[in-house]
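Trainee: Under UniProt numbering, the sequence shown has 129 at position 129, and the numbering climbs by one with no breaks.
Can you read through this structure? Questions will come right after.
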Amino acid sequence: MANHLQALNLCYSPVLRDINLSLEPGELVALIGPNGAGKSTLLRVLTGYLSPDNGQCLLHGKSLCEWSAQALSRHRAVMRQQSQLGFDWPVDAVIAMGRAPWEQADSRRVVKQVMDLTGCAPLSARKYNTLSGGEQQRVQLARALAQLWVKDAPQGWLFLDEPTSALDLYHQQHLLRLLKQLTATGQLHVCAVLHDLNLAALWADKLLLLHQGEIVAQGSPQQVLQADTLRRWYGAEVHIGQHPGSPTPQVFLAP
Ligand SMILES: Nc1ncnc2c1ncn2[C@@H]1O[C@H](COP(=O)(O)OP(=O)(O)O)[C@@H](O)[C@H]1O
Ligand SMILES: [Mg+2]
Numbered sequence: 001m002a003n004h005l006q007a008l009n010l011c012y013s014p015v016l017r018d019i020n021l022s023l024e025p026g027e028l029v030a031l032i033g034p035n036g037a038g039k040s041t042l043l044r045v046l047t048g049y050l051s052p053d054n055g056q057c058l059l060h061g062k063s064l065c066e067w068s069a070q071a072l073s074r075h076r077a078v079m080r081q082q083s084q085l086g087f088d089w090p091v092d093a094v095i096a097m098g099r100a101p102w103e104q105a106d107s108r109r110v111v112k113q114v115m116d117l118t119g120c121a122p123l124s125a126r127k128y129n130t131l132s133g134g135e136q137q138r139v140q141l142a143r144a145l146a147q148l149w150v151k152d153a154p155q156g157w158l159f160l161d162e163p164t165s166a167l168d169l170y171h172q173q174h175l176l177r178l179l180k181q182l183t184a185t186g187q188l189h190v191c192a193v194l195h196d197l198n199l200a201a202l203w204a205d206k207l208l209l210l211h212q213g214e215i216v217a218q219g220s221p222q223q224v225l226q227a228d229t230l231r232r233w234y235g236a237e238v239h240i241g242q243h244p245g246s247p248t249p250q251v252f253l254a255p
């Protein structure tokens, strides 16, 4: 059975039009594109929260609608763009929510391992609703990793919607290094909506550029992050340079 996630002619009217893509195991893929391009909607369709009007989405060769809710939640986890909670739970209980699809016996051990990995341990006794936006994002990442945790590491498909939008420099670097390290094992496969093209350039294996519900460019950071491509699809005037410490392109806005 093909171990990848494939979208075939996906349509979700009026937002997405004829999307074809394949996410390969062990990759960190960044979904980029201007505001309103359909990135969050595409993530919802790829994860089974929205059903396409046309086309289908296959995980390991089987249509998402044929997966049971429990099996699907053991194979893919989602971190949404905003995650407010309507109840006043402590952080460790929010992270333990990720263990709902699994036997509860090892929940405490997994929550501890995930908190150590994501740097959430100092927040563990705090009430989630009292955390800053960036702290809540770190806890949501921990919850999603807990959901995919098998033995000593996360396995499966992780989808993140703007996971770095509220993070400071240290935590942006920490999150992306962590995702890169976990995908390099081949066990975790990541698709993240990223607005910061320079973070995407440094850490993503592949970029998918979405515009008005269609994939208009895809490939390596070098292939996609070109001045004329960004001018055309974002309408922004940019210069492309090279990162001083890495052979990757970096985007600079023209003043
Ligand atoms: N169910 C819907 N019906 C009509 N328009 C929608 C629906 N859901 C989202 N949209 C619109 O589709 C566009 C894409 O939304 P979204 O996927 O959130 O974009 P992005 O995440 O790229 O900013 C937006 O203009 C949004 O208002
Ligand atoms: Mg969005």
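For every residue, glycine included, the Cβ atom is placed at its ideal position computed from N, Cα and C.
Using a 10 Å radius around the Cβ and a threshold of 16 neighbouring Cβ atoms, would you call PRO14 buried or exposed?
Mentor: By the neighbour-count rule (16 or more Cβ atoms within 10 Å), PRO14 is not buried but exposed.
Trainee: For the candidate residues THR164, GLY213, TYR170 and GLY186, whose alpha-carbon lies nearest to that of LEU197?
Mentor: Selected option, being the one with the closest Cα: THR164.
Trainee: Can you tell me which of ASP152, TRP102 and SER83 puts its alpha carbon nearest to the alpha carbon of ASP116?
Mentor: Here the closest residue by C-alpha is ASP152.
Trainee: Quick one: residues in its chain with C-beta nearer than 6 Å to the C-beta of VAL91, no 5 flanking neighbours on either side, listed in chain order?
Mentor: Hits under 6 Å: LEU123, SER124, ARG126, TYR128 and VAL139.
Trainee: Buried or exposed for SER73, going by 16 or more other Cβ atoms inside 10 Å?
Mentor: With 16 or more Cβ atoms within 10 Å of its Cβ, SER73 is classed as buried.
Trainee: Assign GLU135 to one of two classes, buried (16 or more other C-beta atoms within 10 Å of its C-beta) or exposed (fewer than that).
Mentor: It is buried - the Cβ of GLU135 has at least 16 other Cβ atoms within 10 Å.
Trainee: Spatial neighbours of VAL238 within its chain, please: CB distance less than 7 Å, with the 5 preceding and 5 following residues excluded, ordered by chain position.
Mentor: Correct list, in chain order: ALA227, LEU230, ARG231, VAL251, PHE252, LEU253 and ALA254.
Trainee: Using the beta-carbon count (16 or more within 10 Å), is GLU162 buried or exposed?
Mentor: Burial call: buried.
Trainee: When we look at the beta-carbon of SER63 and count the other beta-carbons within 10 Å, is it buried (16 or more) or exposed?
Mentor: Flag for SER63 reads exposed.
Trainee: Taking the alpha helix (DSSP H) that HIS174 belongs to, which residues open and close that run?
Mentor: Where HIS174 is concerned, the enclosing alpha helix (DSSP H) stretches over 169 to 184.
Trainee: Which class does ASP228 belong to by DSSP, given the choice of helix, strand or coil?
Mentor: In the structure shown, ASP228 sits in a helix (DSSP, three-state: H, G or I).
Trainee: So, do the segment 179 to 194 and the segment 215 to 223 have three or more beta carbon pairs nearer to each other than 8 Å?
Mentor: At 8 Å Cβ cutoff, the stretches do not touch.
Trainee: Under 8 Å, with one C-beta from each stretch per pair, do the segment 28 to 39 and the segment 48 to 61 reach the 3-pair mark?
Mentor: Contact fails: fewer than three Cβ-Cβ distances are below 8 Å.
Trainee: Give a single yes or no on whether VAL45 has its beta carbon closer than 8 Å to a heavy atom of ligand 2.
Mentor: VAL45 Cβ: outside cutoff for every heavy atom of ligand 2.
Trainee: Around the C-beta of PRO247, are 16 or more other C-beta atoms found within 10 angstroms, so that it is buried, or is it exposed?
Mentor: Under this definition PRO247 is an exposed residue.
Trainee: Note down the Cα distance separating ALA200 from LEU207, rounded to an integer number of angstroms.
Mentor: Going by the C-alpha atoms only, they are around 8 Å apart.
Trainee: When we look at the beta-carbon of HIS189 and count the other beta-carbons within 10 Å, is it buried (16 or more) or exposed?
Mentor: Its Cβ being crowded by 16 or more others within 10 Å, HIS189 is buried.
Trainee: Taking all protein chains shown into account, do 16 or more other C-beta atoms lie within 10 angstroms of the C-beta of PRO244, making it buried, or fewer, making it exposed?
Mentor: Label assigned to PRO244: exposed.
Trainee: Does the beta-carbon of ASP161, which I'm using as the reference point, lie nearer than 8 Å to any heavy atom of ligand 2?
Mentor: ASP161: yes, Cβ under 8 Å from ligand 2.
Trainee: In three-state terms, what does DSSP make of ARG109?
Mentor: Correct three-state label for ARG109: helix.
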